[in-house]
Ligand SMILES: [Cu+2]
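Residue numbers (the numbering used here): 83 to 547.
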């Protein structure tokens, strides 16, 4: 067991000098550099060059925070500040984050490490950082008002703790929470096992889910929104802005997913089965794991799943709540499937010449349509694959499992080349002659009295579901 400087000082009677003297123990040294990132692309993992060996994580559309060693302490520097984050090409959001990005950089350390994290506040209001899931002294827990005074604008606070266990954790403010988390302030904290062989995988991906309500044509999230979000993000990116996961065939992989939105997300993997191996509470014993293809990640929680990538191809990887795999849209649309809108279109075009009737045969048209959109607004669904429009947005990307990738190569290997005879194909024989089950004509319901109103009263406010 290691002993912290505070213990040493207390043991030697220095604590009698009072709290001010104790908390000033690193004042004489310099604050470490606070590196910044200005690109939203996935950065290469930070491979450890000294100390315990581990397989570093890859943060989707993110990066790992460099550190320095100082007398046995691993020192990091986070700067809370306003940032501009690109959600996907064509849309940026004005958020709050850390070191130039939202979410902030991933912090990586090893079980047993003593970490010292400097937090500088360059926001217009006070903040703190809570280290979600980490077992630490109460006074390092980062709950403003409860365990520490708030960090005022312009000030720097120091957090120090020993990492008692390995696993998957996160960090976020516990100060003006509704605003600060709705503005994107969050990041991941990965603690690798001291035993390099424990639960080791070949590729280890990590991201955090956040949701925003950003009106088409605007740049700032509406921070008071509680349920009706329109941007469902992985690391504050939406499809087609979320990078793919390049995976070498037969690699063992792990994906660690944190959820700081206001709802659960059932995350679905195609072509493989997976097992939850770790939560923010620690490692799940192998005897307690079971196979799944959809992992539900509850609010304020983390789920990591392990998977043997033994099936080559391009595999969709997405939230199974279908509205979460879409970008901004009106949520009070009526269903026009089967409605002939030709007559009404003529009438509307006399008033609105650009009007496009939509939805009569479903909404797939929107996947390839070039509709006029307000500035800084993404189409509801977009993105193209080798066979046509993918018709997605939001929490969607692709696992690209290929033979022969280099061990640390995370560049996009392009679209999958399917072996002959393994792609669904169009029937070229005689047209479908089989009679279908006889369908009785649907009787028109008889209505007596006034028709029920399906339309909300005009002048009504925002409609929460
Ligand atoms: Cu979802």
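Idealized CB from N, CA, C, for every residue including glycine.
Here the structure is a predicted model, which is why all the values come from computation and not from measurement.
C-alpha distance - residue i paired with residue j, whole-angstrom precision
i           : j           : result
residue 105 : residue 156 : The predicted model places residue 105 with a pLDDT of 45, which falls under 50 and marks its position as unreliable; any figure quoted below should be read in that light. Roughly 18 Å separates the two Cα atoms.
residue 295 : residue 336 : 30 Å
residue 287 : residue 503 : 32 Å
residue 516 : residue 509 : 14 Å
residue 219 : residue 193 : 16 Å
residue 103 : residue 183 : At residue 103, the pLDDT of 38 sits below 50, so the modelled position is not reliable and the matter cannot be decided from this model.
residue 245 : residue 469 : 48 Å
residue 144 : residue 432 : 49 Å
residue 186 : residue 455 : 30 Å
residue 196 : residue 221 : 16 Å
residue 352 : residue 492 : 20 Å
residue 347 : residue 380 : 7 Å
residue 327 : residue 207 : 37 Å
residue 338 : residue 397 : 18 Å
residue 140 : residue 190 : 11 Å
residue 198 : residue 153 : 11 Å
residue 205 : residue 236 : 8 Å
residue 318 : residue 513 : 47 Å
residue 233 : residue 247 : 27 Å
residue 188 : residue 124 : 12 Å
residue 388 : residue 223 : 29 Å
residue 354 : residue 485 : 16 Å
residue 226 : residue 163 : 18 Å
residue 276 : residue 136 : 8 Å
residue 289 : residue 158 : 20 Å
residue 258 : residue 394 : 46 Å
Near ligand 1: residue i beta-carbon under 8 Å from a heavy atom
i           : result
residue 159 : no
residue 348 : yes
residue 477 : yes
residue 345 : yes
residue 402 : yes
residue 149 : no
residue 314 : yes
residue 406 : yes
Neighbour-count burial assignment, residue i, 16 or more Cβ in a 10 Å radius
i           : result
residue 210 : buried
residue 112 : exposed
residue 239 : buried
residue 279 : exposed
residue 426 : exposed
residue 362 : buried
residue 497 : exposed
residue 228 : exposed
residue 92  : Because residue 92 carries a pLDDT of 37, less than 50, the predicted location of this residue cannot be relied on, and no value is offered for it.
residue 315 : buried
residue 428 : exposed
residue 269 : buried
residue 473 : buried
residue 463 : buried
residue 119 : buried
residue 242 : buried
residue 127 : buried
residue 303 : buried
residue 400 : buried
residue 370 : exposed
The alpha helix (DSSP H) enclosing residue i, as first and last residue numbers
i           : result
residue 374 : It is not in any alpha helix (DSSP H) - residue 374 carries neither H nor E in the DSSP assignment.
residue 426 : 424-433
residue 259 : 259-264
Host beta strand (DSSP E) of residue i (start-end)
i           : result
residue 307 : Here residue 307 belongs to no beta strand (DSSP E), and DSSP marks it neither H nor E.
residue 152 : 150-152
residue 159 : 155-170
residue 177 : 173-180
residue 358 : 357-361
residue 385 : 383-390
residue 212 : 212-214
residue 271 : 269-274
residue 112 : Here residue 112 belongs to no beta strand (DSSP E), and DSSP marks it neither H nor E.
- Can we say the region 325-341 touches the region 298-311, given the rule of at least three CB pairs closer than 8 Å? no
Touch test, the region 248-256 against the region 366-374, Cβ-Cβ under 8 Å, three pairs minimum
no
Taking 8 Å as the threshold, find out whether the region 170-183 comes into contact with the region 256-270 through three or more Cβ pairs. yes
For the region 465-485 against the region 398-408, are there 3 or more C-beta pairs whose distance is under 8 Å? yes
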